[in-house]
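Enquirer:
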Amino acid sequence: MKVVFVSDDLKEIDIDIPAVEFETIPIVGDWVNIESYVDEIQWEQIEKYLYSINKLAFGVINGRTWTREGNENILYAHLAFSSID
6 MKVVFVSDDL KEIDIDIPAV EFETIPIVGD WVNIESYVDE IQWEQIEKYL
56 YSINKLAFGV INGRTWTREG NENILYAHLA FSSID
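Throughout the sequence shown, residue numbering follows this note's numbering, covering 6 to 90 in sequence.
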C-alpha cells in the first residue's frame, strides 16, 4: 500500500515526501524517521528547519486520511514533530 507522509511543518518549508510502498500499514502513534524517506538535500532542509523551531527531527503519526486514486488506496499519514523541551 502507498503511504504519503504529510505535516504542517514540512508544508512550511515546501517539502513533499514522495509516496512510499509499505507492507504493513503505519498506525497512529508510530514514530517515523523522516531521514529514511527523503534525499540528503531535503533532509538537511528539514533538520535545519525543525531544529530552528526547537523540534525533534522524528515525527509521530497523529492522524491518518484514506483516499483512492484510480484503482489504488493511498494512506496519508499526518506527522507531528515534538518539541525538544
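Beta carbons are placed, not taken as given, at the ideal position from N, Cα and C, and that holds for glycine. Model, not experiment: these values are computed from the prediction.
Would you call the region 54-61 and the region 70-84 in contact, with 3 or more CB pairs under 8 Å?
Expert: No: fewer than three Cβ pairs fall under 8 Å.
Enquirer: Is S171 helix, strand or coil by DSSP?
Expert: Residue 171 lies beyond the stretch modelled for the chain, which goes from 6 to 90, so this question has no answer here.
Enquirer: Count the other C-beta atoms from every protein chain shown that fall within 10 angstroms of the C-beta of A82, then say buried if there are 16 or more, exposed otherwise.
Expert: Classification for A82: buried.
Enquirer: Give a yes or no on whether the C-beta atoms belonging to I30 and L80 are separated by under 8 Å.
Expert: Cβ distance < 8 Å, so I30 and L80 count as in contact.
Enquirer: Is the CB-CB distance between G52 and K7 below 8 Å?
Expert: The question names Gly, yet the displayed sequence has Glu at residue 52. No, the pair does not count as a contact, with Cβ atoms beyond the cut-off.
Enquirer: With DSSP collapsed to three states, give me the class of I51.
Expert: Note: I51 maps to helix in three-state DSSP.
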